[in-house]
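The working numbering numbers the first residue of the sequence shown as 381 and each following residue consecutively.
Cβ atoms here follow ideal geometry from the backbone N, Cα and C, with glycine treated the same way.
From a predicted model like this one, the values you see are computed outputs, not experimental measurements.
Written out below as structure tokens is the structure these notes cover.
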Amino acid sequence: MSILVVEDNRETRRKIVADLKQNGFKDAVFEAVDGLDGFQKASQNAPDVILCDIEMPRMDGLKFLTAIRSRTETEHIPVLLLTSNTSRDIRLKGLTTGAHDFIHIPYDPQELVARAKLHLNAKRREEELRKRNKELELLSHKDALTGAFNRRYLCHILNVELGRAARTDGMVSVLMLDIDHFKEINDRFGHQAGDLALKKVTAEATACLRDYDLFFRYGGEEFVVMLPDTSKREALKVAHRLCQKVRAIAFSHISP
381 MSILVVEDNR
391 ETRRKIVADL
401 KQNGFKDAVF
411 EAVDGLDGFQ
421 KASQNAPDVI
431 LCDIEMPRMD
441 GLKFLTAIRS
451 RTETEHIPVL
461 LLTSNTSRDI
471 RLKGLTTGAH
481 DFIHIPYDPQ
491 ELVARAKLHL
501 NAKRREEELR
511 KRNKELELLS
521 HKDALTGAFN
531 RRYLCHILNV
541 ELGRAARTDG
551 MVSVLMLDID
561 HFKEINDRFG
571 HQAGDLALKK
581 VTAEATACLR
591 DYDLFFRYGG
601 EEFVVMLPDT
611 SKREALKVAH
621 RLCQKVRAIA
631 FSHISP
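Right, dumping it as structure tokens:
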């Protein structure tokens with residue numbers, strides 16, 4: 381976990397850095413000499429928490445806050461404003477601009493460290509929650525059996541890709557796949573074998589696609605492959621490659 385200290389007063393900045401390093405942040409504290417320097421460093425390597433003075437040259441703390449909140453990669457970073465100004469207006473401006481907390485200068489070292497740890501822990505919990513939400517969102521787009529994207533997501537992303545291709549005068553190709561004689565697999569070997577065949581086809585097919593190609597289970601034994609930025613000629617090559625890959629699948633441990 382890293383902390384960026386943005387403070388133009390050298391003595392104050394060094395003292396804050398020293399207090400943090402003496403209380404569990406030995407190799408995790410970085411410095412910026414003003415708001416512009418802080419914004420550049422935060423944009424290059426986003427810290428987990430920022431301590432920022434309000435009154436600074438080139439870019440003050442409030443402008444720094446506005447800049448940080450305008451970028452996707454830094455918008456969620458907790459920013460604690462450092463100030464010797466106790467006026468209500470300053471605090472209101474800071475909060476409405478996106479500050480998470482205030483630390484009064486001169487500060488109590490133990491309070492400084494406690495507040496930094498508090499917001500670090502809060503950010504960690506928020507990140508875990510966002511990660512779980514993304515995982516849940518992704519699961520809602522996936523077929524439970526095969527792990528391929530589902531038909532509902534196909535309907536959504538197809539409109540997105542067709543719209544993008546129309547705007548950019550680009551191309552998108554779509555393949556429809558169907559497993560031949562799939563009913564015979566279920567009838568002869570049972571539905572568990574049929575499920576295994578669906579999983580295996582999905583695994584083998586996705587393994588020979590590009591990272592940005594999308595593989596969907598359309599329903600039953602039918603699948604769809606979406607190929608962005610792919611011409612008809614290139615799509616035919618992909619189709620032949622998929623057919624060869626699927627034909628080569630062996631189920632040696634399944635017996636009638």
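Along the alpha helix (DSSP H) that carries residue i, what are the first and last residues, could you check?
i      : result
Gly404 : That residue, Gly404, is in no alpha helix (DSSP H); it is neither H nor E in DSSP.
Leu525 : No alpha helix (DSSP H) contains Leu525, which DSSP labels as neither H nor E.
Ile537 : 531-548
Out of the options, which one is the CA nearest neighbour of residue i?
i      : options                        : result
His620 : Leu557, Glu541, Ile565         : Leu557
Val409 : Asn530, Gln420, Asp417, Arg393 : Arg393
Gly418 : Gly441, Lys406, Arg495         : Gly441
Asp591 : Pro608, Gly599, Val604, Phe603 : Pro608
Thr526 : Gly599, Cys588, Leu472, Arg512 : Gly599
Leu492 : Ile629, Val385, Val604, Ala615 : Val385
Asp388 : Phe529, Gly415, Leu509         : Gly415
Asp593 : Lys421, Leu555, Pro458         : Leu555
Leu509 : Asp549, Asp560, His456         : His456
Leu534 : Ile396, Val604, Thr454         : Val604
Flag residue i as yes if its beta-carbon sits less than 8 Å from any beta-carbon of chain D, otherwise no.
i      : result
Gly550 : Among the protein chains of the structure shown there is no chain D, as only one such chain exists.
Within 10 angstroms of its Cβ, does residue i collect 16 or more other Cβ (buried), or is it exposed?
i      : result
Asp407 : exposed
Arg597 : buried
Ile448 : buried
Ser553 : buried
Just reading off the beta strand (DSSP E) that residue i is part of, what are its end residues?
i      : result
Arg590 : It is not in any beta strand (DSSP E) - Arg590 carries neither H nor E in the DSSP assignment.
Asp560 : Element bounds for Asp560: n/a, residue is neither H nor E.
His602 : Before going further, note that residue 602 is Glu rather than His in the sequence given. Its beta strand (DSSP E) spans residues 602-608.
Ile629 : From DSSP, Ile629 is part of no beta strand (DSSP E); its letter is neither H nor E.
Q: With a floor of 4 residues, list each alpha helix (DSSP H) that falls wholly inside the stretch 411-496, ordered by position along the chain.
A: 415-424, 441-449, 468-477
Q | the stretch 499-506 contacting the stretch 471-479, beta-carbon criterion three pairs below 8 Å | A | no
Q: Determine contact between the stretch 454-466 and the stretch 483-492, defined as no fewer than three beta-carbon pairs at a distance below 8 Å.
A: yes
Q.
With three or more beta-carbon pairs closer than 8 Å as the criterion, would you say the stretch 582-589 touches the stretch 507-517?
A. no
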